[in-house]
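Using this note's numbering, the first residue of the sequence shown is number 61, and each one after it goes up by one.
Glycine included, C-beta positions come from ideal geometry on N, C-alpha and C.
A short worksheet on the structure shown next.
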Amino acid sequence: VFCFLNSWRSTVITGLTLPISVISAFIVMYFLNMTINSLTLMALSLAIGLLIDDAIVVRENIVRHLERGEDHFTAAANGTSEIGLAVLATSMSIIAVFVPVAFMQGVVGRFFFQFGLTVAFAVLVSLFVSFTLDPMLSSRWHDPDIERKGRRSWWHRPLDGFNEWFERTADGYQRVIGWSLDHRKTIVAVAVAAFVGGLGIFTMLEGEFMTPMDQGEFIVKFKSAPGASIAETRGRLDEVLKGLTEFEEVRYTYASIGSGDADTVRDATVFVKLVPKDERARGLKDFVHDVRLRLQKVPGIVLSVLEDPDAMQKPLLVQVQGENIETLKQYAGQLKQELYKVPGIVDIEAAMEQDLPEYRLTVDRERAAASGLGSAAVANAVGLLVGGQAVTTYEDEEGEAVNVRVRLPGKLRGDVSQIGDLKIMVPGAQGPALVPLADLVSFSRATSPAEISRRDLLRQVTVDANLDKLPLGTAGQLAQKAGEALKLAPGYKLVVGGDTEIMMESFVYMAEALLLAIIFVYLILAAQFESFVDPLAIMLSLPLSVVGMAGTLLLTGDTINIMSLIGLIMLMGLVTKNAILLVDFTKVLRSEGHDRREALILAGRTRLRPIMMTTTAMIFGMLPLFFALGEGAEFRAPMARAVVGGLITSTLLTLIVVPVVYTILDDVSGWLMGRRGKRQAAAAVTAVVACAVLFGGAQPVLAQDAGKAATTLRRSAALAAGTRGGQVPTTQAVPGAAPATPGAVKVLTLEQALSLAAEQNRDVQKAIEYQKWVQGKYQEERAAALPQGGFNVTLMRQFDNSQSKLFADFMPPEAEGGGTNIGDIFGGRQEIRAGTLSVNQVVFTWGQVGAAIRAAKLGFDVADKQL
């Protein structure tokens with residue numbers, strides 16, 4: 061702002077929008093029970109470039125009116141009213157884009173709910189500030205440098221050179237528009253080629269759910285051999301920790317074995333924390349790759365390295381579904397071998413790949429029944445002896461509760477013969493007796509699956525894997541192709557699940573949000589411009605942003621993920637801004653009498669400065685996200701890169717393509733209107749007749765009043781014609797002059813005489829009042845087509861002590877004097893807060909609103925001509 065307007069006051073006035081909008085956004089966050097988290101903070105940081113757009117456009121237009129010689133109050137009023145429709149359309153377009161984002165379905169919908177609402181509300185506040193505070197400050201805190209008088213200060217002179225360069229650039233752009241209008245086919249061909257090229261680049265990009273974040277931490281998991289003891293697992297863990305300490309980037313590690321369930325003593329987990337990113341020579345992906353290569357040398361373990369420490373499972377899951385477990389295990393083994401052939405798919409594991417060894421106890425039902433025991437009682441007794449049972453807890457030195465579990469010693473649990481010698485209590489006629497367990501059960505060695513999983517009533521075996529520098533979308537496609545190599549029997553199928561399934565589901569929901577955003581933007585523009593054709597020229601800037609978005613993602617090595625798609629949805633609201641400013645001012649100039657070509661060239665020349673200011677502000681506001689500064693910024697960077705790339709190409713192409721497309725659509729519209737000329741003529745006659753009916757009652761009075769006024773004016777003119785120099789002698793008192801003495805003659809000019817005649821003519825005054833009334837009706841009908849907004853906040857407080865009284869009646873007398881009344885827990889003071897924000901926009905009324913506006917405008921023109 062300071063560079064383009066060369067004014068520190070303009071910078072301050074415009075910049076006030078930012079703190080007001082950001083702080084006001086916390087209001088809606090409070091009433092919607094939002095929290096300050098990474099998404100809401102990302103929304104506010106992203107909105108910095110959005111929030112200042114409206115203020116920039118309004119302030120720039122006010123400065124333009126000041127440069128034309130208007131005073132500060134007039135420039136503030138005229139500049140704001142002239143640009144108001146365009147600013148309203150741009151802000152509503154942005155809001156229309158973020159509302160579908162907030163209400164998407166699925167995981168991504170819950171993920172971006174707070175994000176979308178935070179940005180939408182902040183934009184609404186910035187729109188309000190741009191229409192109220194900015195014009196007020198512009199009218200009262202004016203900038204003396206606007207007049208360009210006197211010697212400029214030293215810090216203004218370099219900016220004067222910049223503005224002179226920009227003026228020359230604007231003159232060159234004006235010539236480019238003229239050339240483009242003369243070569244429309246060439247421009248259209250370039251636009252189509254750019255769009256097709258963007259789609260081609262888009263298809264070259266790989267896809268994934270989210271970009272992995274470099275938080276400086278990751279997880280190493282491994283399984284020791286089936287049936288391994290905790291001592292054996294501890295030995296393997298020591299080797300893993302020794303391998304990790306060989307890397308100087310490792311800051312510290314935290315290791316654990318098992319999780320309390322049966323057989324988890326063979327599972328070990330190591331949390332690894334690295335030094336900060338700026339102290340490492342390699343990123344997390346490269347470091348994890350090297351760690352995996354080193355730990356694969358540890359014998360007797362099945363390794364898994366997870367880049368995301370919060371992940372509950374591996375990113376790639378392929379499920380083989382069917383009925384027979386042995387057949388499923390066979391297919392899973394074949395799929396595992398096929399996946400080993402795919403570069404980038406690592407740490408491949410198959411469920412039920414190794415059955416767990418076990419001792420199987422078979423209860424002799426006859427002996428157990430004779431002893432008065434059932435199978436369940438025997439199983440519970442064995443489970444208590446081997447698995448143990450938590451009987452109490454105690455607090456350790458750090459104050460944490462630890463379970464005390466009672467079970468057999470480890471030596472007895474591992475020896476089946478000694479377990480058979482254990483005695484359990486059985487009821488008897490002479491009292492309880494102890495019977496050896498071997499008399500009731502028989503022992504046998506066997507194996508069994510660690511788990512049996514089902515999905516949709518079908519048994520399944522899951523093959524999961526980690527990814528080494530391979531995007532999730534590409535990995536899912538390669539895994540699907542690998543599964544096609546298996547010849548599955550009827551009744552068996554492959555399903556790609558996990559993060560891949562969530563990614564595809566989220567992409568569908570985001571495509572729906574993108575479609576809704578485009579529809580909402582078109583409907584808002586159609587209502588604002590009262591045309592279904594003009595928005596098409598504006599919406600053309602949407603596909604022009606694809607080439608920049610795809611090209612930037614390709615250059616930066618990013619993928620198509622939920623953040624880059626959010627950036628694409630944002631572009632649908634952002635890139636229309638430039639086209640709205642061009643088309644809106646073109647329509648204003650054409651209504652003032654300029655021809656189409658002249659209006660387009662002048663509109664482009666005039667609106668180039670605000671377009672470049674808003675685009676530059678948006679790009680600079682996203683640079684911190686673009687360069688992924690800070691740990692974990694890789695997650696947010698694709699969104700900023702998609703927006704920046706799309707803004708650059710869309711701005712450059714919009715400035716040239718939109719004027720050309722506007723003329724093409726205008727020609728097509730004129731051709732269609734020409735074919736329906738008879739129908740339009742009939743409609744015009746109907747409108748004239750309707751206006752005659754509406755205003756016909758006032759016609760005789762107006763004609764009579766106008767006739768009397770004309771007679772009076774002609775008499776004054778005749779008197780003026782008979783005097784020298786256009787002066788007329790009169791004895792009438794002139795407003796503002798000293799009272800005339802008897803016989804004195806006052807000399808009036810012709811203009812004063814005509815004004816005096818109009819002021820004292822009662823019929824002319826009636827005509828003026830009628831004209832004001834018709835003008836009010838016209839403004840009222842136009843207001844009916846504008847958006848209607850409202851905000852309602854409700855705070856209800858209530859105090860309920862009925863529960864306290866109820867429980868007090870049942871409490872013992874000794875408890876009434878002290879202690880907590882149970883009813884106080886359920887009663888007491890309650891606060892219920894509710895907030896409602898509504899924006900209503902008339903979209904389609906079958907021509908009713910448009911007809912009313914045209915009728916009121918025609919009535920105003922008739923009254924003006926009669927006056």
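Am I right that residue i and residue j are in contact with their C-beta atoms under 8 Å? What's the rounded C-beta distance?
i      : j      : result
Leu500 : Val423 : 6 Å
Ala428 : Val442 : Contact flag wrong, Cβ pair sits at about 12 Å.
Leu76  : Leu148 : About 20 Å separates the two Cβ atoms, so there is no contact after all.
Gly382 : Leu518 : 7 Å
Val46  : Phe278 : Beyond the ends of the chain as shown, which are 61 and 927, falls residue 46; an answer cannot be given.
Glu120 : Pro670 : 4 Å
Trp225 : Arg69  : So it is not a contact: roughly 23 Å between Cβ atoms.
With burial defined as no fewer than 16 other Cβ atoms inside 10 Å of the residue's Cβ, what is the status of residue i: buried or exposed?
i      : result
Ile716 : buried
Val72  : exposed
Ser98  : exposed
Glu511 : exposed
Ala489 : exposed
Asp114 : buried
Val721 : buried
Lys977 : Within the shown structure, residues of the chain are numbered from 61 to 927, placing residue 977 beyond reach of any answer.
Asp524 : buried
Pro698 : buried
Glu268 : buried
Ser316 : exposed
Ala291 : exposed
Ala506 : exposed
Phe64  : buried
Asp594 : buried
Gly796 : With a pLDDT of 41 at Gly796, under the threshold of 50, the predicted position of this residue should be treated as unreliable, though the coordinate-derived value follows. Gly796 comes out exposed.
Asp298 : exposed
Ser198 : buried
Val607 : buried
Ala182 : buried
Glu457 : exposed
Thr95  : exposed
Arg433 : A small fix is needed here, since residue 433 is Leu in this sequence, not Arg. Classification for Leu433: buried.
Give a yes or no on whether the C-beta atoms belonging to residue i and residue j are separated by under 8 Å.
i      : j      : result
Ser81  : Val161 : no
Val462 : Val451 : no
Arg665 : Gln234 : yes
Gly536 : Leu376 : yes
Leu388 : Gln520 : yes
Leu334 : Arg311 : yes
Thr100 : Gln165 : no
Phe503 : Val476 : yes
Ile584 : Ala156 : yes
Met89  : Phe695 : no
Val167 : Ile598 : no
Ile479 : Leu497 : yes
Leu421 : Ser508 : no
Gly360 : Arg296 : yes
Measuring only from the beta carbon, is residue i closer than 7 Å to any heavy atom that is part of the ligand FMN?
i      : result
Met564 : The ligand FMN is not among the ligands present in this structure, which contains no ligands whatsoever.
Report the residue ranges of all alpha helix (DSSP H) runs contained in full by the region 99 to 174; include only those spanning at least 4 residues, in chain order. Fully enclosed alpha helix (DSSP H) runs of 4 or longer: 132 to 162.
Is the region 393 to 413 close to the region 524 to 532, with three or more CB pairs under 8 Å? yes
The region 292 to 302 / the region 241 to 251 touching (three or more Cβ pairs under 8 Å): no
Hey, which unbroken runs of the beta strand (DSSP E) at 3 residues or more fall wholly within the region 516 to 553? 518 to 527
Sufficient close CB pairs (3 or more, under 8 Å) joining the region 247 to 267 to the region 698 to 718: yes
How do the region 620 to 636 and the region 597 to 605 stand: do at least 3 beta-carbon pairs fall below 8 Å, yes or no? Yes, they touch.
Unbroken stretches of the alpha helix (DSSP H), 4 residues or longer, contained in the region 668 to 738: 683 to 686, 697 to 735
Can you confirm whether the region 364 to 380 touches the region 546 to 563 when touching is taken to mean that 3 or more C-beta pairs between the two stretches lie within less than 8 Å? yes
Tell me the start and end of each unbroken beta strand (DSSP E) in the region 308 to 380 that is at least 3 residues and wholly inside, in chain order. 310 to 317, 327 to 334, 362 to 366
Which runs of the alpha helix (DSSP H) at least 4 residues long sit entirely within the region 214 to 261? Give them in chain order. 217 to 242
Inter-stretch contact at 8 Å, needing at least 3 Cβ pairs: the region 392 to 401 / the region 539 to 546: yes
Return the chain-ordered ranges of every beta strand (DSSP E) run that is complete within the region 444 to 468 and spans a minimum of 3 residues. 449 to 455, 461 to 466
Tell me whether the region 222 to 237 and the region 656 to 664 touch, counting them as touching only if at least three CB pairs, one residue from each stretch, are closer than 8 Å. yes
Please specify which runs of the beta strand (DSSP E), each continuous and at least 3 residues long, are wholly inside the region 386 to 433, giving them in chain order. 405 to 410, 416 to 423
Segments assigned alpha helix (DSSP H), at least 4 residues, entirely inside the region 538 to 622: 559 to 589, 594 to 599, 601 to 616
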